[in-house]
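>
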Amino acid sequence: DSTSKVDKQRFSAQLRDLQNSKKASPSARAMQSFREKLPAYRVKDDFLKAVAANQVLVISGETGCGKTTQLPQFILEEEIENLRGADCSIICTQPRRISAISVAARIASERGENLGETVGYQIRLEAKRSAQTRLLFCTTGVLLRRLVQEPDLSGVSHLLVDEIHERGMNEDFLIIILRDLLPQRPDLRLILMSATINADLFSKYFGNAPIIHIPGFTFPVAELFLEDVLEKTRYKINSEFDDYRGSSRRRRQQSTKSDPLTEIFEDVDIDSQYKSYSTSTRQSLEAWSGTQLDLGLVESTIEHICRHEGDGAILVFLTGWDEISKLLDKIKENNFLGNSSKFLVLPLHGSMPTVNQREIFDRPPSNMRKIVLATNIAESSITIDDVVYVIDCGKAKETSYDALNKLACLLPSWISKASAHQRRGRAGRVQPGVCYRLYPKVIHDAMPQYQLPEILRTPLQELCLNIKSLQLGAVASFLAKALQPPDPLAVKNAIELLKTIGVLDDMEELTPLGRHLCTLPLDPNIGKMLLMGCIFQCLGPALTIAAALAHRDPFVLPINRKEEADAAKRSFADDSYSDHIALLKAFEAWKDAKRSGRDRAFCWQNFLSPITLQMMDDMRNQFIDLLSDIGFVNKARGLKDYNHYGNDLEMVCAVLCAGLYPNVIQCKRRGKRTAFYSKEVGKVDIHPSSVNAGVHEFPLPYMVYSEKVKTASIYIRDSTNISDYALLLFGGALIPSKTGDGIEMLGGYLHFSAPKSVIQLIQRLRGELDKLLQR
Ligand code: ADP
Ligand code: MG
Numbered sequence: 099d100s101t102s103k104v105d106k107q108r109f110s111a112q113l114r115d116l117q118n119s120k121k122a123s124p125s126a127r128a129m130q131s132f133r134e135k136l137p138a139y140r141v142k143d144d145f146l147k148a149v150a151a152n153q154v155l156v157i158s159g160e161t162g163c164g165k166t167t168q169l170p171q172f173i174l175e176e177e178i179e180n181l182r183g184a185d186c187s188i189i190c191t192q193p194r195r196i197s198a199i200s201v202a203a204r205i206a207s208e209r210g211e212n213l214g215e216t217v218g219y220q221i222r223l224e225a226k227r228s229a230q231t232r233l234l235f236c237t238t239g240v241l242l243r244r245l246v247q248e249p250d251l252s253g254v255s256h257l258l259v260d261e262i263h264e265r266g267m268n269e270d271f272l273i274i275i276l277r278d279l280l281p282q283r284p285d286l287r288l289i290l291m292s293a294t295i296n297a298d299l300f301s302k303y304f305g306n307a308p309i310i311h312i313p314g315f316t317f318p319v320a321e322l323f324l325e326d327v328l329e330k331t332r333y334k335i336n337s338e339f340d341d342y343r344g345s346s347r348r349r350r351q352q353s354t355k356s357d358p359l360t361e362i363f364e365d366v367d368i369d370s371q372y373k374s375y376s377t378s379t380r381q382s383l384e385a386w387s388g389t390q391l392d393l394g395l396v397e398s399t400i401e402h403i404c405r406h407e408g409d410g411a412i413l414v415f416l417t418g419w420d421e422i423s424k425l426l427d428k429i430k431e432n433n434f435l436g437n438s439s440k441f442l443v444l445p446l447h448g449s450m451p452t453v454n455q456r457e458i459f460d461r462p463p464s465n466m467r468k469i470v471l472a473t474n475i476a477e478s479s480i481t482i483d484d485v486v487y488v489i490d491c492g493k494a495k496e497t498s499y500d501a502l503n504k505l506a507c508l509l510p511s512w513i514s515k516a517s518a519h520q521r522r523g524r525a526g527r528v529q530p531g532v533c534y535r536l537y538p539k540v541i542h543d544a545m546p547q548y549q550l551p552e553i554l555r556t557p558l559q560e561l562c563l564n565i566k567s568l569q570l571g572a573v574a575s576f577l578a579k580a581l582q583p584p585d586p587l588a589v590k591n592a593i594e595l596l597k598t599i600g601v602l603d604d605m606e607e608l609t610p611l612g613r614h615l616c617t618l619p620l621d622p623n624i625g626k627m628l629l630m631g632c633i634f635q636c637l638g639p640a641l642t643i644a645a646a647l648a649h650r651d652p653f654v655l656p657i658n659r660k661e662e663a664d665a666a667k668r669s670f671a672d673d674s675y676s677d678h679i680a681l682l683k684a685f686e687a688w689k690d691a692k693r694s695g696r697d698r699a700f701c702w703q704n705f706l707s708p709i710t711l712q713m714m715d716d717m718r719n720q721f722i723d724l725l726s727d728i729g730f731v732n733k734a735r736g737l738k739d740y741n742h743y744g745n746d747l748e749m750v751c752a753v754l755c756a757g758l759y760p761n762v763i764q765c766k767r768r769g770k771r772t773a774f775y776s777k778e779v780g781k782v783d784i785h786p787s788s789v790n791a792g793v794h795e796f797p798l799p800y801m802v803y804s805e806k807v808k809t810a811s812i813y814i815r816d817s818t819n820i821s822d823y824a825l826l827l828f829g830g831a832l833i834p835s836k837t838g839d840g841i842e843m844l845g846g847y848l849h850f851s852a853p854k855s856v857i858q859l860i861q862r863l864r865g866e867l868d869k870l871l872q873r
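Heads up: the sequence shown begins at 99 in full-length UniProt numbering, then just goes up one per residue.
1. From Glu805, Arg771, Ala640 and His794, pick the residue whose C-alpha is nearest to that of Ala756; which is it?
2. Determine the DSSP secondary structure at Lys692, reduced to helix, strand or coil.
3. Within the stretch 752 to 794, note down every full beta strand (DSSP E) run reaching 3 residues or more, in order along the chain.
4. Tell me which same chain residues have a C-beta within less than 8 Å of the C-beta of Ala671, skipping the five on either side of it?
5. For Val141, tell me which candidate among Arg862, Val486 and Cys163 has the shortest Cα-Cα distance.
6. Go through its chain and collect everything with a Cβ distance to Ser517's Cβ below 8 Å, but skip five positions before and after it.
7. Thinking C-beta only, is Leu536 closer than 7 Å to Thr491?
8. If contacts are defined as beta-carbon pairs under 8 Å, then Leu758 and Val802 qualify, I think. What distance do you get, rounded to the angstrom?
9. Just the C-alpha distance for Asp420 and Lys120, rounded to the nearest angstrom, thanks.
10. Would you grab the beta carbon distance between Gly239 and Arg227 for me? Rounded to a whole angstrom, and I think it's under 8 Å.
11. Which partner residues of Ala225 appear in the DSSP bridge assignment?
12. Cα-Cα, which of Arg127, Val246, Leu155 and Leu257 is closest to Ser187?
13. Following the continuous beta strand (DSSP E) through Glu842, name the residue where it begins and the one where it ends.
14. Quick check: the Cα distance between His649 and Met713, rounded to an integer number of angstroms?
15. Pick helix, strand or coil for Glu496, following the three-state DSSP scheme.
16. Between Val589 and Ala574, is the Cβ-Cβ spacing less than 7 Å?
17. Is the distance from the Cβ of Gly266 to the Cβ of Glu661 below 7 Å?
18. Which complete beta strand (DSSP E) runs does the stretch 623 to 655 hold, if anything under 3 residues is left out?
19. Give me, in chain order, the residues of the same chain whose beta-carbon lies closer than 6 Å to that of Glu361; leave out the 5 immediate sequence neighbours on both sides.
20. Quick check on the DSSP output: the alpha helix (DSSP H) that includes Thr331 runs from which residue to which?
21. Less than 7 Å separating the beta-carbons of Arg815 and His849?
22. Considering only C-alpha positions, which residue in the set Lys539, Arg209 and Ile728 is nearest to Leu618?
23. Any chance the stretch 517 to 529 sits against the stretch 308 to 327, with 3 or more Cβ pairs inside 8 Å?
24. What are the start and end residues of the alpha helix (DSSP H) that includes Ala666?
25. Does the stretch 620 to 633 come close enough to the stretch 527 to 535 to have 3 or more Cβ pairs within less than 8 Å?
26. Per DSSP, Val319 forms a beta bridge with which residues?
27. Given a threshold of 16 other Cβ atoms within 10 Å of its Cβ, counted over all protein chains shown, does Tyr775 qualify as buried or as exposed?
28. Here's a check: name, in chain order, each residue in its chain whose Cβ is nearer than 7 Å to the Cβ of Pro313, leaving out the five neighbours to either side.
29. Could you check where the alpha helix (DSSP H) with Arg114 kicks off and where it finishes?
30. Beta strand (DSSP E) containing Asn819: first to last residue?
31. Considering only heavy atoms of the ligand MG, does any lie closer than 6 Å to the CB of Thr166?
32. For Asn465, does the count of other Cβ atoms within 10 angstroms reach 16, so buried, or fall short, so exposed?
33. Just to confirm before moving on: does the CB-CB distance between Tyr487 and Ile429 stay below 7 Å?
34. Does the beta-carbon of residue 46, which I'm using as the reference point, lie nearer than 6 Å to any heavy atom of the ligand ADP?
35. Are three or more beta carbon pairs between the stretch 304 to 311 and the stretch 321 to 333 nearer than 8 Å?
36. Give the secondary structure of Met291 by DSSP, where H, G and I count as helix, E and B as strand, and everything else as coil.
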């Protein structure tokens, strides 16, 4: 014991010497003067005193004031300086992978070190850390998984939970656990960091924990709304839509819940609002439907800034990868402003593997204008200092969950006033800026003050699974302790679903399958599909389809060449009656084309997105790593061993069924046509983009699907025609049917009558299957 004490002292001394020597380097000195100018620097002493005196602390400060890069660093320096380095282990959580990496890299360079020395990061499947690492940035998900092995976080001295104002599900979940843990860990320090929104809420949740506010400074940012932008750019909004009133009526019919914006928009007297504008602007505004972003408008706003405004980077907020890549293409295609070498156009998106730090953060070469196309990731977690112009589309992709109809969707929706304020602020870091909002003032006025927390608007099955794997007791009573507890119906649905797919047993405890799925940081359905793919030796197809489900499908739907695109997709589907097989075949053909260097032309001819296909390929590799971590795949043996039946489409469809269940509908012949029925909502339709749309006769009686969405009617997105045997073997648990002549599937998805011997055989096969999962 005494030798270990001596070792520790020696290690602490080493850390201090190292810190002091690195600090003296010229580059670290230059960084030091940058750091001292940040608003966070001014609260350094107060902050450190408060950390010493309080178990929980809430910090609020304007984005960019130095919370993330400075506060954990202050603690680190202080601990090392006072020879407590050996015992110190600081963790700072980030909601997104990309910010965990970028912040860790920044701090390492501020300290004159390499990444992975005293400062490191860990995200799913990727880490840069060492025995020397004292400050670790990780995603909130990584910390949640660490809690499985280390429920009291005994190895952690300081925990900083960042970006809590975003109210992400993982963060809301984590703080429930932490509040329960704190009394057992009186030495643990918890610091919650938030933008200047709602800090009180968190302080109250932790028994009135003290709040430190970091006063910030930003330059004023002028604000233009759509009406002004149209005047300036003389752009005429693309009016695929008829007049404004017609489209807004249609929108109202389509929307699932009543949309307050639609209603307010209906009430606006357009003429009196806009009579000060020219006729063409007024026409454009009236044609503006508000359902889809007009990328031409974004482009001409960029063009306007480049032609008429001064220097400074442009930051464009878009809703997702889709819009970012379209705009990238458009800018390239149009040989923007006649000279593309004058522009540095950079995408910034959460699912990008890494950010190119230098390009994003550094000033561009002189005479070049930096244009960053970003999602809401640039709203608060990543700060680009030299932004002077913000173009804001006003939307972000948001999941929503309709517990009554068990419908989940991920759709662009209006951001909150708080987010709009954040986005605008990004333009005033170094000088006064301008924010171009591509939506009318009426929309802005109607935006909700804050966004609904994620826990209240997403399906809860992954969360429930986490609660179970962390052994936090009964799900419902645990979630009742949340900052804003979710709808009990949503909780009940999630538990029911987990029982239906065999992850929880009747007692709400994890089954062997459930225990495997807990270790996979994936949606339980996708995880199950992968495990079944391993067991039934069609892992290749399972990986591909799971990647498309977890990310997105690779088919693009150009509006003006829709028929050709449909035909291309159908040719991949061949006679499989399956969108999933179509994307599988398309992916495999792309891999072949890539091997012979023809992939670009191939994508172009077949209406496929090369970026999505590449992303899917990367995800497949990530999935393989995950499966090898839990011992389902031995990477050394290669994938061949797990793919003997990869070409057997019947087998692949069965595995699909295992993964997608209980997303099942029944195909019923009605005269010359087929009608489709779902257990929850009755009659449904096949989405027009599906290869199964317009087909009147199907060879098999059931269909599994990835998603059901409600617009004008309830549509089934991607679907695959499957047999009743696939459902019997790979669907939900079987019970003797009430009528006594056969079996039925738990939840009433299927009734199957057959002779006793056949039913016994099926039950035995199911028993064998369960055994396979119990390893
Ligand atoms: P906050 O967390 O309060 O939003 P940060 O600590 O992230 O603020 O950032 C503080 C300052 O450091 C900002 O001005 C930002 O531009 C700068 N900064 C952060 N990361 C980087 C980086 N990777 N490269 C260059 N500057 C950075
Ligand atoms: Mg931050």
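The C-beta atom is built at its ideal place from N, Cα and C for all residues, glycine as well. Predicted model, so just to flag it, every value in this text is computed and none were measured.
Working from what's here:
1. The option with the nearest alpha carbon to Ala756 is Ala640.
2. Three-state DSSP puts Lys692 in a helix.
3. Restricting attention to beta strand (DSSP E) runs no shorter than 3 residues, the stretch 752 to 794 encloses them at 762 to 768, 771 to 776 and 780 to 784, ordered along the chain.
4. Hits under 8 Å: Asp677, Ile679, Ala680, Lys683 and Val789.
5. The candidate whose alpha carbon is nearest that of Val141 is Cys163.
6. Same-chain partners within the cutoff: Asn474, Glu477, Ala494 and Gln549.
7. What sits at residue 491 in the sequence shown is Cys, not Thr. Yes; because the gap between Cβ atoms is below 7 Å, this pair is in contact.
8. With a beta-carbon spacing of about 4 Å, Leu758 and Val802 fall inside the 8 Å limit used to define contacts.
9. The C-alpha of Lys120 is placed about 43 Å away from the C-alpha of Asp420.
10. The C-beta distance from Gly239 to Arg227 rounds to 16 Å, too long to fall under 8 Å, and the pair is not in contact.
11. For Ala225, DSSP records a beta bridge to Gln220.
12. Restricting attention to Arg127, Val246, Leu155 and Leu257, the CA atom closest to the CA of Ser187 is found in Leu257.
13. Boundaries of the beta strand (DSSP E) harbouring Glu842: Gly840 to Met843, taken from the DSSP string.
14. Cα-Cα distance, rounded: 8 Å.
15. In the three-state reduction of the DSSP assignment, Glu496 falls in the strand class, which pools E and B.
16. Yes, these two residues count as a Cβ contact at 7 Å.
17. No, the Cβ-Cβ distance between Gly266 and Glu661 is not below 7 Å.
18. Whole beta strand (DSSP E) segments, 3+ residues: zero.
19. Confidence is the limiting factor: at Glu361 the pLDDT is only 39, short of 50, which leaves the residue's position unreliable, though a coordinate-based value still follows. Contacts found: none.
20. Unbroken alpha helix (DSSP H) run through Thr331: Leu324 to Thr331.
21. In this structure, His849 does not lie closer than 7 Å to Arg815 by Cβ.
22. Of the listed residues, the one whose Cα sits closest to Leu618 is Ile728.
23. Touching, per the Cβ criterion.
24. Membership of Ala666 in the alpha helix (DSSP H) is indicated by the continuous run Lys660 to Ala671.
25. Output reads no: the stretch 527 to 535 does not touch the stretch 620 to 633.
26. Bridge partners of Val319: Gly531.
27. Residue environment analysis places Tyr775 among the exposed positions, since fewer than 16 neighbouring C-beta atoms fall within 10 angstroms of its C-beta.
28. Around Pro313: Pro137.
29. Element bounds for Arg114: Ser100 to Lys121.
30. Annotation: the continuous beta strand (DSSP E) that includes Asn819 extends over Ser817 to Ile820.
31. Yes - the ligand MG has a heavy atom lying nearer than 6 Å to the Cβ of Thr166.
32. Answer is exposed; the Cβ neighbour count stays below 16.
33. Cβ atoms of Tyr487 and Ile429: not closer than 7 Å.
34. It is not possible to answer for residue 46, since the shown part of the chain is limited to 99 through 873.
35. No, because fewer than three Cβ pairs between the stretch 304 to 311 and the stretch 321 to 333 fall closer than 8 Å, the two stretches do not touch.
36. Looking at Met291 - three-state DSSP - the assignment turns out to be strand.
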